[in-house]
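*Asks:* What follows is a structure written as structure tokens; I'll ask about it next.
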Amino acid sequence: MIADSVRAIWCRELKCDDIAADDDFFTLGGQSVIMFKIQDAFLTELGVEVPMDQMFLNPTVASISAYIESLEAVAP
Amino acid sequence: MILQGKRVALPPAPVVHQQFEANAAATPDAVAVVRAGRQVTYAELDARANRFAHFLTARGVGRAAQVGVCLDYSADMLVAILGTLKAGAAYVPFDPAYPAARLQLLLGQVPSLALIVASPGTRGMVDSAGVDVVDLEQLTDHLARLPATAPDVHVTGDDVCYAVFTSGSTGTPKLTAVRHKGWFNLMNWLKLEYGLHSGSHNLVVSAFGFDLSQRALMTPLFCGATQYFMASRNFDAMMAYRILTQHEIRVVHCASSTLYLLVDWETARGGDALTRLDYVLFGGEPLKTQRLAAWARREGNACTLLHQYGVAECTDVATSYDLAGYWRGGHDITPVGRPAYNTDIHLLDEELRGVGPGQYGEICVSGASVGAGYLGGSGPENARFTTIEVDGAPVRVYRTGDRGRIDQAGDLVVAGRMDAQVKVRGMRIDPTDIERALGRLAGVREAAVVVASTAAGETELTAFIVPTRDELTEDDVRIRLLQTLPRSMVPARFVNVLRLPLSPHGKVDRAALADSLEKQYALSGTAQQPTDPCR
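Chains as they are written, first to last, in the UniProt record's numbering: chain V, 1 to 76; chain Z, 1 to 535.
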């Protein structure tokens, strides 16, 4: 499950062990530097390129996971 | 102590857009701007800006007026900016990444706002400001009927070209204006001193509201080079790095913290696009050289790092330092170097007298770069622009509020602020601005915001709140604050306290709060008993 991997990355970078699928990144104390680290982790660990604008538009585990799944659906 | 910049004569009319026009006439087919693969030539950009200038002139918008620009980075943004300058007016950048409520507050501070240029993607944020909003896309047919030649507007070097918001010590953002001659002088200095030319293509990586972004926007057009934009509203290291890799970019202007992110990205993936740049011009916050050291010493690194210092009130950059000198050793604080052309740095004591060699004083700036002051500002803020006597002659200076000294090599060194303002990731922030926003929230009786460094060395804001009720949670406060403040101003941590400690003068004792930080518990997602930092 993408959502599980995404949640694990969020928990690690936000230093928070209890994140719900619809918790808001900024409400969890997220900042641009943390977002950068998450973007980096998506690329390194999940092999997906997620533009920063998409991270801002999808500030929850559920929505960014759905976005990543949509990327994989069109990938070769 | 005075540190004098080289005197370099400016043309009789140091008007920024006329330099762009000269480049457009000399190389009309050169590419002025590239975004998402789409190119616009100098001739086309000039013609579109001329048409928009005619549109403004026909509506009576001219000298002493301001035009708001609320657009994402795009050719249209340059059309709006250049058209505004050609009409003789000044532009004010509004970052569409800001919350709408913050944009409304800022818009209300602009004294002679004639209209706002927006796009379908941004107009919703500025529509309710009570000011005309125009959309260049919707105006396409109308603009096409206007002349493609420049309107006959007389603009001088003393006219205001842009105004940006800076944090004011009264807690309200201040709109600080700069003049054409200051901006011209800045870019002329970069061009001549560092040899920028028509091949010095640039990538913009900073947020639109920054003073440094205005320089980043215009310098390539001033030099006849190409401007590259990311198709992204938010800074995106991944996208920025890809553009650096794929195109012949030579120059990047950015805040220090942005440079760290780019360096980290390159280091993690082993590219060399950054090391192939001619220049990175950066600054705006205390430099953490350890974040750059390994990268800077890489074999074959051809990039010159220019560590710069300046204030928005004095056209953005006052001094510059080639970091190569720092790596040779012997410095405790990273210098910010020597003044720009036609710019002097004075180190003054409280009585505005020069301090002795090597002594600390308030950094004051004089010369071509000193700006036009705060627009609409009647109060104490403008007192920072004052006149001192140097060798018997009056000299207009701006008191920056920064502390500095001249080191043994003759370079300026900056060591903090004289007042409460702080820098968080390159943004000059006044904690009282955030305290006022907190104070307007229901459930908050009183608040104090302090800055402290985390274990990782990041500068972070913490808000101490005296709640009126028990159930005030961090999530609740943060969500409501995010509606009114830019993310950079929303504290990373919130701490409930029973009362705020006071200094002997009866002011909130920020030092005591900072000291108590370690003893406090951050609020969790649930209700928490307030603690008392006064104990």
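Just so it is clear, CB atoms sit at the ideal spot from N, CA and C, and this is done for glycine as well.
(1) Taking its Cβ as the centre, do 16 or more other Cβ atoms sit within 10 Å of Pro467(Z), making it buried, or is it exposed?
(2) For Gly373(Z) and Asn382(Z), which I take to be in contact (beta-carbon distance under 8 Å), what is that distance rounded to the nearest angstrom?
(3) Is there contact between the region 61-70 of chain V and the region 346-353 of chain Z, where contact requires at least three CB pairs shorter than 8 Å?
(4) Spatial neighbours of Val263(Z) within its chain, please: CB distance less than 8 Å, with the 5 preceding and 5 following residues excluded, ordered by chain position.
(5) Could you tell me which residues DSSP pairs with Ser320(Z) in its beta bridges?
(6) Report the start-end ranges of each alpha helix (DSSP H) in the region 88-152 of chain Z that is 4 residues or longer and not cut off at the edges.
(7) When DSSP labels each residue in this structure, what does Ser70(V) get in the three-state scheme?
(8) Kindly indicate which residue of Glu389(Z), Tyr398(Z), Val390(Z), Pro491(Z) has the alpha-carbon position closest to the one of Thr432(Z).
(9) Are the CB atoms of Phe282(Z) and Cys254(Z) nearer to each other than 8 Å?
(10) Tell me, please, whether the CB atom of Leu261(Z) is closer than 8 Å to any CB atom in chain V?
(11) Give the list of continuous alpha helix (DSSP H) stretches no shorter than 4 residues that lie fully inside the UniProt domain "Carrier" (1-72) of chain V.
(12) Looking at C-alpha atoms only, which residue of Tyr228(Z), Asp159(Z), Leu306(Z), Val311(Z) is the closest neighbour of Asp322(Z)?
(13) Distance, Cα to Cα, Asp430(Z) vs Val422(Z)?
(14) Taking only beta-carbon positions, decide if Asp17(V) is within less than 8 Å of chain Z.
(15) Which residue's Cα is closest to the Cα of Asn50(Z): Ile81(Z), Val67(Z), Gln214(Z), Val34(Z)?
(16) Name the residues in the region 214-241 of chain Z whose C-beta lies less than 8 Å from a C-beta of chain V; which are they?
(17) Do Leu485(Z) and Ile434(Z) have their beta-carbon atoms positioned less than 8 Å apart in this structure?
(18) Does Arg276(Z) have its Cβ less than 8 Å from a Cβ in chain V?
(19) Tyr98(Z): which of Asn234(Z), Val495(Z), His247(Z), Ser516(Z) sits nearest, CA to CA?
(20) Assign Val263(Z) to one of three DSSP states: helix, strand, or coil.
(21) Could you name the residues of the same chain whose beta carbon sits closer than 8 Å to that of Pro151(Z), not counting the 5 residues immediately before and after it, in chain order?
(22) What does Leu71(V) reach in chain Z if we use C-beta pairs closer than 8 Å?
(23) Considering Cα atoms alone, identify which of Tyr228(Z), Ala324(Z), Ser516(Z) is closest to Gln39(Z).
(24) Per the DSSP calculation, residue 540(Z) is bridged to which residue(s)?
(25) First and last residue of the alpha helix (DSSP H) that includes Ala49(Z)?
(26) Examine chain Z for any beta-carbon lying closer than 8 Å to the beta-carbon of Met52(V), and answer yes or no.
(27) Nearest-angstrom Cα distance between Ala175(Z) and Tyr73(Z)?
(28) Say whether chain V places a C-beta atom closer than 8 Å to the C-beta of Ser169(Z).
(29) Mapping the DSSP letters down to three states, classify Val16(Z) as helix, strand or coil.
(30) I need the straight-line Cα distance from Thr44(V) to Thr267(Z), nearest angstrom please.
(31) Taking Val449(Z) as the reference, give the member of Met230(Z), Ile465(Z), Leu107(Z) with the closest Cα.
(32) Can you find a CB in chain V that lies within less than 8 Å of the CB of Asp159(Z)?
(33) Give a yes or no on whether 8 Å exceeds the smallest Cβ distance from Leu482(Z) to chain V.
(34) Between Ile22(V) and chain Z, is the shortest Cβ-Cβ distance under 8 Å, so that the two count as touching?
(35) Val160(Z): which of Asn202(Z), Arg145(Z), Val117(Z), Ser112(Z) sits nearest, CA to CA?
(36) Nearest chain Z C-beta to Ser65(V) closer than 8 Å, yes or no?
*Replies:* Judging by the given coordinates:
(1) Under this definition Pro467(Z) is a buried residue.
(2) 5 Å
(3) Using a Cβ-Cβ distance cut-off of 8 Å, the region 61-70 of chain V and the region 346-353 of chain Z are not in contact, since fewer than three pairs of beta carbons, one from each stretch, lie closer than that value.
(4) Leu274, Arg291, Leu292, Trp295
(5) Gln308(Z), Arg338(Z)
(6) Qualifying alpha helix (DSSP H) stretches, in chain order: 100-107, 123-126, 140-144.
(7) It is helical.
(8) Pro491(Z)
(9) yes
(10) yes
(11) 2-14, 32-41, 52-57
(12) Selection Tyr228(Z), Asp159(Z), Leu306(Z), Val311(Z) evaluated against Asp322(Z) yields Leu306(Z) as nearest (Cα-Cα).
(13) 6 Å
(14) no
(15) Of the listed residues, the one whose Cα sits closest to Asn50(Z) is Ile81(Z).
(16) Ser232, Arg233, Asn234, Phe235, Asp236, Ala237, Met238, Met239
(17) yes
(18) No, because no Cβ of chain V sits closer than 8 Å to the Cβ of Arg276(Z).
(19) Asn234(Z)
(20) helix
(21) Asn50, Ala53, His54, Thr57, Lys86, Ala87
(22) Correct list: empty, because the minimum Cβ distance to chain Z is about 14 Å.
(23) Tyr228(Z)
(24) In the structure as shown, chain Z starts at 1 and stops at 535, and residue 540(Z) therefore has no counterpart that could be examined.
(25) 42-58
(26) yes
(27) The sequence as given places Leu at residue 175(Z); Ala does not occur at that position. Cα to Cα, Leu175(Z) sits roughly 21 Å from Tyr73(Z).
(28) Residue placement at Ser169(Z) cannot be trusted, given a pLDDT of 49 that sits under 50; what the coordinates show is reported in the next sentence. Taking CB atoms only, Ser169(Z) has no neighbour in chain V less than 8 Å away.
(29) helix
(30) Taking the straight line from one Cα to the other gives about 13 Å.
(31) Ile465(Z)
(32) no
(33) yes
(34) The displayed chain sequence assigns Asp, not Ile, to residue 22(V). Not closer than 8 Å to any Cβ of chain Z, the Cβ of Asp22(V) fails to qualify, so no.
(35) Of the listed residues, the one whose Cα sits closest to Val160(Z) is Ser112(Z).
(36) Not one chain Z Cβ lies under 8 Å of Ser65(V).
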